[in-house]
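Numbering (the working numbering), first residue to last: 698 to 1385.
For reference, the structure discussed in these notes is given below.
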Ligand code: IVH
């Protein structure tokens, strides 16, 4: 039977819509629909294709993960070789100057020639890939190999949702796109955290993660590793008028729907290159992916041709590096740290080493199994990684360098690491739940380490916001026995505080005032401040909204708790266990008795959801509301706060010094309001 025309049309529409959402999400980083809606579209397409297999086109988003495991990869010959790039080892400004001077000399430019234009981009730390599109359809993806011949990894590359299966617009007959497959840092961290909690091996770094999954013979395993892609150049092209400059090539690739990194510029002369190198270094830690430097390319393709190559390296490009994010050092000791919820984390004390721009002396080893799996021992030479704002970690041991008991034997000098049986801070038993990766001190708030951290957490800006109650003061208060629970803070007198180290009369007075001021709070902040395991800021907000008042929350059982959005059995169990503890109830009662209060409300079902389904973007500084507060109010009214402006944005709330988001809103004709407008919207639901 022939496919009914309505079904064929519906399948085509679904394919286009799903790929449009993929593009918005994975390429533009601006999600357009909720995940649940995306899943619904995807399932609808799957069902249609199951009913009519003829509808299963090669560019269907359902076909990203298909194929069977391969026995081996087939070779692919690159019509245009994949070159490598000359590296400027000098990480200082002279690296850029040397390159610019070389270009001037090779092009025989006169002294007074105008500056040369360069395309300046990031040097992504992943794996080079060539994508081949024929008549707009992705037909092949290959690794670089030796530059002449690579491997066919099409099945694996198809699983990367940032890679379009079909190009947008009028596609050339043949377009080969060169670029980098990489794993973003958040994806890497999430993947490793999950592996760790399952007791499975972790990835050493994002680059190995990317390279390993691209070269994975089973595409299903490759699909489990979250990868991304950036295009940075061309291979073979046919039936296409190439633009005149590299920067215009990248613009064209972006217009075809390919992901092109936004951090790039056209630099004129060495001065601009140096500025780019410096600016990107300053942003390096906050980028969501690893880079190991920047790349400069002569922008004019005609000049590139004139400059040509030497031994596989173009003379028109150079990589200007940054200091490495991994380094070798020696483990001097392995200690354990006790966290707020008692979690025991092994920490390697290191011989100081400069890595990722700072001197590192400690690195996390995550948990007992992880240390055992990596078999990190005292005296070992290890690779330490520090990238982005994450805590430095030991990624691997250099086995050959392990110190031995004697020169000719093979017995290691130090035994394998074992977790202490009692807490180093309070002597309580250390216990590990059957399915848990993490061991915990059972001392609870009896343990000074947990008490200190519970207090830091309680006083934090996003919790009770007690200004001036810093780490050092909390430490002294706990050590001196002045404060056992958060409730004790509200009984502190100026005289007691003034006796502490580095605390004068005036600052003691200020702190007492700040503590008193924190009594007037919000229910969600209070719930968050309690430090219940698995209850972060967002969950605290959901709980406050759902129950409306604390007594309703205290009375809720696991079943009632799971009525709250995003609260599952694990979170519900943590909450029940927390409130079941008599000590915790006493602290809550003492806090209320001390005068801690918040506006009590009705359960959320009664609260009007004036902004249900609306997406709002906040930009600039609002006159009265803090950003967090505005966000919480919008969410309490059922709205969603997005990070960037798109056609789907319902309204932009702009404060002082609103920048590009405001401009974008104006371009797209999205309504713009101020703080007063937002409050009005929240009060009576007036439409903008
Ligand atoms: S261009 C003509 N641009 O660096 C030069 N390469 O040796 C061809 N890489 O493994 C490469 N970011 O995968 C170019 N923005 C960028 C890059 C980049 C990373 C990698 C590339 C290759 C190595 C070049």
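Positions of the beta carbon are idealized from the N, C-alpha and C atoms, including for glycine.
Given the structure is predicted, the values throughout are model-derived calculations rather than measurements.
Closest by C-alpha distance to residue i, when choosing among the options
i            : options                   : result
residue 1362 : 1373, 1340 and 1379       : 1340
residue 1282 : 862, 1306 and 1247        : 1247
residue 1372 : 1116, 786, 1058 and 1324  : 1324
residue 1219 : 1240, 753, 738 and 952    : 1240
residue 1030 : 1074, 738 and 987         : 1074
residue 849  : 911, 1165, 997 and 1343   : 911
residue 1037 : 1306, 1352, 1178 and 1226 : 1226
residue 916  : 730, 764 and 723          : 764
residue 1298 : 1292, 1310 and 1221       : 1221
residue 740  : 712, 723 and 722          : 712
residue 1199 : 1188, 1182 and 1172       : 1172
residue 840  : 1351, 826 and 830         : 826
residue 1025 : 976, 1079 and 1009        : 1079
residue 724  : 924, 989 and 1242         : 924
residue 1099 : 1027, 1064, 1115 and 1117 : 1027
residue 1022 : 988, 949 and 1010         : 988
Residue burial classification, residue i (beta-carbon count within 10 angstroms, cutoff 16)
i            : result
residue 1088 : exposed
residue 699  : exposed
residue 1232 : buried
residue 1071 : buried
residue 927  : buried
residue 843  : exposed
residue 833  : buried
residue 1303 : Reliability fails at residue 1303, whose pLDDT of 49 lies under 50, so the model's placement of it is uncertain and the value that follows must be treated cautiously. Exposed is the call here.
residue 1294 : exposed
residue 718  : buried
residue 1308 : buried
residue 720  : buried
residue 1196 : exposed
residue 1105 : exposed
residue 1353 : exposed
residue 759  : buried
residue 1380 : exposed
residue 1077 : buried
residue 716  : buried
residue 652  : Outside the shown range of the chain, which is 698 to 1385, sits residue 652, and nothing can be said about it.
residue 742  : buried
residue 809  : exposed
residue 1378 : buried
residue 878  : buried
residue 1210 : exposed
residue 757  : buried
residue 1265 : exposed
residue 818  : buried
residue 766  : exposed
Residue i - partner residues in DSSP beta bridges
i            : result
residue 1264 : Partner(s): none; residue 1264 has no beta bridge.
residue 714  : Residue 714 is not bridged to any residue.
residue 1339 : 1314
residue 852  : Answer by DSSP bridge pairing: none, since residue 852 is not bridged.
residue 927  : 877
residue 1094 : 1079
residue 1006 : 1011
residue 938  : Answer is none; residue 938 lacks a bridge partner.
residue 1043 : 1033
residue 720  : Partner(s): none; residue 720 has no beta bridge.
residue 1353 : 1318
residue 1018 : 990
residue 820  : 990
residue 1181 : The partner list for residue 1181 (beta bridge, DSSP) is empty, contrary to what the question assumes.
residue 785  : 1017
residue 773  : 847
Hey, is the segment 941-956 in contact with the segment 1042-1058, meaning 3+ C-beta pairs nearer than 8 Å? no
Check whether the segment 1143-1159 touches the segment 1105-1123, taking contact to mean three or more Cβ pairs, one atom from each stretch, closer than 8 Å. Judged by Cβ distances under 8 Å, the segment 1143-1159 makes contact with the segment 1105-1123, as three or more pairs qualify.
Count the CB pairs spanning the segment 1012-1024 and the segment 976-994 that are closer than 8 Å, and state whether there are at least three. Taking a cut-off of 8 Å for Cβ pairs, the segment 1012-1024 and the segment 976-994 touch, as three or more such pairs fall below it.
Touch check for the segment 770-787 and the segment 962-975: three-plus C-beta pairs under 8 Å? no
Validate contact between the segment 788-795 and the segment 854-865 using beta carbons, cut 8 Å, 3 pairs: no
Counting beta carbon pairs with one atom in the segment 977-987 and one in the segment 1003-1012, are three or more of them shorter than 8 Å? Under the 8 Å Cβ criterion, the segment 1003-1012 does not count as touching the segment 977-987, having fewer than three qualifying pairs.
Check whether the segment 921-936 touches the segment 863-874, taking contact to mean three or more Cβ pairs, one atom from each stretch, closer than 8 Å. Between the segment 921-936 and the segment 863-874 there are three or more inter-stretch CB-CB distances shorter than 8 Å, so the stretches are counted as touching.
Are the segment 876-896 and the segment 1084-1103 touching by the rule of at least three beta carbon pairs closer than 8 Å? yes
The segment 1048-1065 in contact with the segment 1148-1166 per 3-pair CB rule at 8 Å: no
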